[in-house]
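Below is one structure, written out as structure tokens; the observations come after it.
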């Protein structure tokens, strides 16, 4: 029968076969809100080729600890009043956790709290993670409860000061040790590898590209992939670039462009909307032939084009993503909607439908249009209103045409804020088009849809203001 020391030695070897550095962590905090609550304690059991170490830090959260939390953890305002802040410990903790596989019971809580605290401190933090809640469910599907209390009771794990960070980290360590003994090395490792997030890259991924993917920050941004000749292969915007950008490289069915992928460019952003816009701006500057998503739905607009007499006539046109030569006069999902809006606008402003060229039939020269007979136009069709006057009225009226996915004033400023670092980025739009740095207008239908979607989801960090 193996001694405890032998069991632990084998456990360490197994863990280090998963990753060169293992960080078993547990945190205590002022509460469970990722953005408003703060860390009060960090415990770390670190395993590497150099051995095993145990470290813990009390942290001043710079806010009051609720009585319920203080009673549960034993950490109150008095205990942490002289402790360092996370900002003061950030460099030390970042160095300790750098290049490690994070293992925790419910890594969503521990990893996100750490990531957010590091962002407040101005540091980028990324790490692969293994959640022992999910691990326990896979190893012991016959059990219904997999919280730490249930696991401690099930395995009779002896701890002091339950609900403090280090005893909880020790409980996770004991779970790993006991489960490996019970389940067996091979199936235990197989389940662990399958649960590590993000998943490992395909072995065929070029080493330099794999290194770049692993170095991406776990923050918002756009990633562009290039081949060896610096030709653009693919681009995508992300809320969490480190987790999401590698997705094509770990799928069983990989897109064809993956075979040619050689290097990447990362564009940092303050949030998901800014990430998409930064991608558009980069493409417009470096790849103007690829300025939008290829699956963008077709849209239609109206134009006022002069005929041989200088009379501006209305035409329904398909509007393509890209730089516009003039602001949009309306934006519609299909031509019928454009035609209906145009007819309603002409009636509202007493515009001459014959002069606009939108009558269903051609009139004999010199005859008034049917609208004139009903006093619904000012007589441009029979010379009672000059071409210039009618052109001016038509241009003014056309600015009222609706734009789908655009319930805003003509000119707006969209501001996105990163709630942790407090960085923000502002982009200007005019009548559904992005205003480029050179003043040109870039039409991209996906940006309009994304703006409306994100305004519903993240009103605290994304705002629209008229200009």
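Residue numbers (this note's numbering): 3 to 469.
Ideal placement from N, C-alpha and C gives every residue a C-beta, glycine not left out.
Residue pairing of residue 379 in beta bridges, as defined by DSSP: absent, with no partner found. Burial check for residue 254: the Cβ neighbour count within 10 Å stays below 16, so the residue is exposed. According to the DSSP assignment, residue 83 belongs to no beta strand (DSSP E), since it is labelled neither H nor E. Its chain contains 240 as the residues whose beta carbon lies nearer than 7 Å to that of residue 246, once the 5 sequence neighbours on both sides are disregarded; these appear in chain order. Going by DSSP, residue 432 is part of the beta strand (DSSP E) stretching over 426–432. The continuous beta strand (DSSP E) containing residue 27 extends over residues 24–31. Judged by pairs of C-beta atoms under 8 Å, the region 127–135 does not touch the region 42–53, as fewer than three such pairs exist. From the listed residues 462, 371, 197, 263, the smallest Cα separation to residue 232 is found for 263. For residue 13, the closest alpha carbon among the candidates 459, 28, 54, 41 is that of 54.
For residue 259, there is no enclosing beta strand (DSSP E), as DSSP gives it neither H nor E.
In this structure residue 220 is not in contact with residue 418, their Cβ atoms being roughly 18 Å apart against a cut-off of 8 Å. Scanning 258, 270, 218 for the CA closest to the CA of residue 248 turns up 218. Around the CB of residue 385, fewer than 16 other CB atoms lie within 10 Å, so the residue is classed as exposed.
In the structure shown, the three-state DSSP call for residue 406 is coil. Around the beta carbon of residue 446, a 10 Å sphere encloses 16 or more other beta carbons of the protein chains shown; the residue is thus reported as buried.
DSSP places residue 346 outside any beta strand (DSSP E); the residue lies instead in the alpha helix (DSSP H), whose first and last residues are 337–351. Residue 158 sits in coil when the DSSP states are folded into three classes, being neither helix nor strand. Scanning the region 205–263 from its first residue to its last, the whole beta strand (DSSP E) runs of 3-plus residues come out as 223–228, 234–240. Within the DSSP bridge table, the entry for residue 59 names 44 as partners. Closest in alpha carbon position to residue 201, among 101, 8, 252, 128, is 252.
The beta carbon of residue 63 sits closer than 6 Å to those of 32, 40, 42, all from its chain and outside the five residues before and after it, given in chain order. For the 9 Å CB-CB criterion, residue 325 and residue 420 do not form a contact. For the 9 Å CB-CB criterion, residue 444 and residue 453 do not form a contact. Closest option to residue 110, judged by alpha-carbon separation, among 274, 426, 35, 23: 35.
Exposed is the label assigned to residue 65, since fewer than 16 other Cβ atoms lie within 10 Å of its Cβ.
Membership of residue 333 in the beta strand (DSSP E) is indicated by the continuous run 331–334.
With three or more CB-CB distances shorter than 8 Å, the region 10–26 counts as touching the region 185–195.
Within its own chain, the residues whose Cβ lies closer than 6 Å to the Cβ of residue 105, once the five positions on either side in sequence are excluded, are 26, 132, listed in chain order. Here residue 335 has 406 as same chain residues with Cβ atoms under 6 Å from its own Cβ, once five neighbours each way along the sequence are excluded. Counting C-beta atoms within 10 angstroms of its own C-beta, residue 37 has fewer than 16 neighbours from the protein chains shown and is therefore classed as exposed. Its chain contains 173 as the residues whose beta carbon lies nearer than 6 Å to that of residue 154, once the 5 sequence neighbours on both sides are disregarded; these appear in chain order. Burial of residue 118 is indicated by the presence of at least 16 other C-beta atoms within 10 angstroms of its C-beta.
Excluding sequence positions up to five before and after residue 72, its CB lies within less than 7 Å of the CB of 78, all in the same chain and listed in chain order. Contact check for residue 177 against residue 107 passes: the beta carbons are separated by less than 9 Å.
A distance below 9 Å separates the beta carbons of residue 305 and residue 328. Per DSSP, the beta bridge partners of residue 131 are 104, 199.
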